[in-house]
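Here's the structure we're looking at; comments come further down.
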Amino acid sequence: MKQTIAELTVKRIQRVPDENVITYMQVILEELRYYQEHNRSEMLCFKALFPQVSGGVNSTKVLPTELLMRDLEAINLLFKASTGEFVKPTDQEHESKLKAIVQRMEQQYGNDLQMFVNPAAPDADREKICDMSIDMYTQILTLSPKDAGAILRSMLAGE
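Be aware that the sequence shown starts at 93, since it is given in the working numbering, and climbs by one per residue.
Given below as C-alpha coordinates:
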(Lines of atoms letter the chains of each structure in order from A; the text may use other names.)
(Lines give C-alpha, C1' and ligand atoms only; values in the text may rest on other atoms or scores of the structure.)
Protein backbone atom coordinates (compact mmCIF):
# COMPACT_ATOMS: atom_id res chain seq x y z
CA MET A 93 0.00 0.00 0.00
CA LYS A 94 2.78 2.45 0.95
CA GLN A 95 4.48 1.72 -2.40
CA THR A 96 1.28 2.57 -4.30
CA ILE A 97 0.95 5.80 -2.33
CA ALA A 98 4.60 6.60 -3.06
CA GLU A 99 4.05 6.11 -6.80
CA LEU A 100 0.97 8.32 -6.75
CA THR A 101 2.83 10.92 -4.68
CA VAL A 102 5.62 11.10 -7.28
CA LYS A 103 3.02 11.78 -9.97
CA ARG A 104 1.14 14.37 -7.93
CA ILE A 105 4.23 16.16 -6.64
CA GLN A 106 4.70 17.63 -10.10
CA ARG A 107 1.50 19.66 -9.59
CA VAL A 108 1.93 21.10 -6.09
CA PRO A 109 3.40 24.34 -4.76
CA ASP A 110 6.96 24.33 -3.46
CA GLU A 111 5.86 24.50 0.17
CA ASN A 112 4.00 21.18 -0.12
CA VAL A 113 6.98 19.47 -1.76
CA ILE A 114 9.26 20.77 0.98
CA THR A 115 6.92 19.81 3.83
CA TYR A 116 6.57 16.31 2.42
CA MET A 117 10.34 15.89 2.04
CA GLN A 118 11.01 17.24 5.53
CA VAL A 119 8.83 14.45 6.93
CA ILE A 120 10.46 11.84 4.68
CA LEU A 121 13.88 13.06 5.80
CA GLU A 122 12.84 12.75 9.44
CA GLU A 123 11.68 9.20 8.76
CA LEU A 124 15.00 8.31 7.11
CA ARG A 125 16.87 9.71 10.09
CA TYR A 126 14.67 7.71 12.44
CA TYR A 127 15.38 4.51 10.51
CA GLN A 128 19.12 5.18 10.57
CA GLU A 129 19.13 5.98 14.27
CA HIS A 130 16.84 3.22 15.51
CA ASN A 131 16.99 0.45 12.91
CA ARG A 132 20.35 0.86 11.19
CA SER A 133 21.24 -2.84 11.25
CA GLU A 134 17.93 -3.72 9.58
CA MET A 135 18.70 -1.38 6.66
CA LEU A 136 15.22 0.17 6.89
CA CYS A 137 16.46 3.50 5.58
CA PHE A 138 17.78 1.81 2.44
CA LYS A 139 14.59 -0.22 2.08
CA ALA A 140 12.53 2.97 2.33
CA LEU A 141 14.66 4.75 -0.28
CA PHE A 142 14.97 1.81 -2.67
CA PRO A 143 11.95 -0.48 -2.21
CA GLN A 144 12.49 -1.86 -5.71
CA VAL A 145 15.87 -3.24 -4.57
CA SER A 146 15.11 -4.88 -1.25
CA GLY A 147 11.44 -4.41 -0.51
CA GLY A 148 9.86 -1.52 1.30
CA VAL A 149 9.20 -0.80 4.95
CA ASN A 150 6.00 -1.31 6.86
CA SER A 151 6.27 2.09 8.48
CA THR A 152 3.20 1.51 10.65
CA LYS A 153 5.14 -1.13 12.57
CA VAL A 154 8.34 0.88 12.94
CA LEU A 155 7.73 4.62 13.10
CA PRO A 156 6.36 6.44 16.14
CA THR A 157 2.67 7.31 15.86
CA GLU A 158 3.37 11.06 15.86
CA LEU A 159 5.70 10.73 12.87
CA LEU A 160 3.21 8.52 11.04
CA MET A 161 0.49 11.12 11.59
CA ARG A 162 2.72 13.87 10.20
CA ASP A 163 3.50 11.66 7.19
CA LEU A 164 -0.21 11.13 6.52
CA GLU A 165 -0.92 14.84 6.97
CA ALA A 166 1.89 15.82 4.58
CA ILE A 167 0.63 13.38 1.94
CA ASN A 168 -2.96 14.52 2.46
CA LEU A 169 -1.99 18.18 2.02
CA LEU A 170 0.11 17.29 -1.01
CA PHE A 171 -2.80 15.46 -2.67
CA LYS A 172 -5.23 18.27 -1.90
CA ALA A 173 -2.85 20.83 -3.41
CA SER A 174 -2.16 18.78 -6.55
CA THR A 175 -5.15 19.97 -8.54
CA GLY A 176 -3.25 22.57 -10.56
CA GLU A 177 -1.07 22.54 -13.63
CA PHE A 178 2.40 21.05 -13.79
CA VAL A 179 4.85 23.25 -11.88
CA LYS A 180 7.81 24.05 -14.09
CA PRO A 181 10.87 25.97 -12.92
CA THR A 182 10.88 29.58 -14.09
CA ASP A 183 14.65 29.44 -14.59
CA GLN A 184 17.51 26.96 -14.43
CA GLU A 185 19.13 28.47 -11.34
CA HIS A 186 18.25 25.39 -9.30
CA GLU A 187 20.53 23.28 -11.52
CA SER A 188 23.61 25.26 -10.49
CA LYS A 189 22.57 24.94 -6.84
CA LEU A 190 22.26 21.17 -7.21
CA LYS A 191 25.67 21.02 -8.91
CA ALA A 192 27.17 22.88 -5.94
CA ILE A 193 25.65 20.33 -3.56
CA VAL A 194 27.00 17.45 -5.64
CA GLN A 195 30.46 19.04 -5.68
CA ARG A 196 30.46 19.38 -1.88
CA MET A 197 29.36 15.78 -1.58
CA GLU A 198 32.11 14.67 -3.99
CA GLN A 199 34.65 16.36 -1.74
CA GLN A 200 33.21 14.65 1.31
CA TYR A 201 32.38 11.20 -0.06
CA GLY A 202 34.63 10.84 -3.11
CA ASN A 203 34.02 7.75 -5.22
CA ASP A 204 31.41 6.47 -2.77
CA LEU A 205 28.88 8.64 -4.62
CA GLN A 206 29.11 6.14 -7.47
CA MET A 207 27.05 3.75 -5.34
CA PHE A 208 23.99 5.83 -6.31
CA VAL A 209 24.44 4.57 -9.89
CA ASN A 210 23.68 0.99 -8.87
CA PRO A 211 22.43 0.77 -5.29
CA ALA A 212 21.50 -2.89 -5.89
CA ALA A 213 25.14 -3.88 -6.49
CA PRO A 214 26.28 -6.58 -4.08
CA ASP A 215 29.22 -4.46 -2.90
CA ALA A 216 27.15 -1.30 -2.33
CA ASP A 217 27.37 -0.03 1.25
CA ARG A 218 23.67 0.45 1.93
CA GLU A 219 24.18 2.28 5.21
CA LYS A 220 26.51 4.74 3.49
CA ILE A 221 24.02 5.25 0.66
CA CYS A 222 21.44 6.20 3.29
CA ASP A 223 23.84 8.53 5.06
CA MET A 224 24.67 10.22 1.76
CA SER A 225 20.97 10.47 0.82
CA ILE A 226 20.14 12.07 4.16
CA ASP A 227 23.02 14.51 3.70
CA MET A 228 21.92 15.38 0.17
CA TYR A 229 18.26 15.97 1.09
CA THR A 230 19.32 18.00 4.11
CA GLN A 231 21.42 20.26 1.90
CA ILE A 232 18.64 20.61 -0.69
CA LEU A 233 16.16 21.62 2.00
CA THR A 234 18.43 24.50 3.07
CA LEU A 235 17.96 26.15 -0.34
CA SER A 236 15.26 28.68 -1.14
CA PRO A 237 11.79 27.11 -1.47
CA LYS A 238 11.82 27.80 -5.22
CA ASP A 239 15.14 26.01 -5.76
CA ALA A 240 14.45 23.18 -3.30
CA GLY A 241 11.02 22.56 -4.82
CA ALA A 242 12.40 22.46 -8.37
CA ILE A 243 15.25 20.11 -7.43
CA LEU A 244 13.04 17.76 -5.44
CA ARG A 245 10.42 17.58 -8.20
CA SER A 246 13.13 16.81 -10.73
CA MET A 247 14.73 14.13 -8.55
CA LEU A 248 11.45 12.46 -7.62
CA ALA A 249 10.39 12.41 -11.27
CA GLY A 250 13.65 10.66 -12.15
CA GLU A 251 14.93 13.46 -14.35
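Virtual Cβ for every residue (Gly too), placed ideally from N, Cα, C.
Which class does residue 213 belong to by DSSP, given the choice of helix, strand or coil? coil
How is the alpha helix (DSSP H) around residue 169 delimited, first residue to last? 157–173
Sequence-distant residues of the same chain with beta carbon closer than 7 Å to residue 112, five excluded per side: 169, 170 and 173
Just checking my contact of residue 180 with residue 243 at CB under 8 Å: how many whole Å lie between their CB atoms? The Cβ separation is near 13 Å, so there is no contact.
Whole angstroms are fine: how far does the CA of residue 239 sit from the CA of residue 183? 9 Å
Contacts around residue 142, its chain only, beta-carbon distance under 7 Å, and the 5 residues preceding and following it disregarded: 211
Here's the rule: buried if 16 or more other CB atoms are within 10 angstroms of the residue's CB, otherwise exposed. What is residue 35? Residue coverage of the chain in this structure runs from 93 to 251, which leaves residue 35 outside it and unanswerable.
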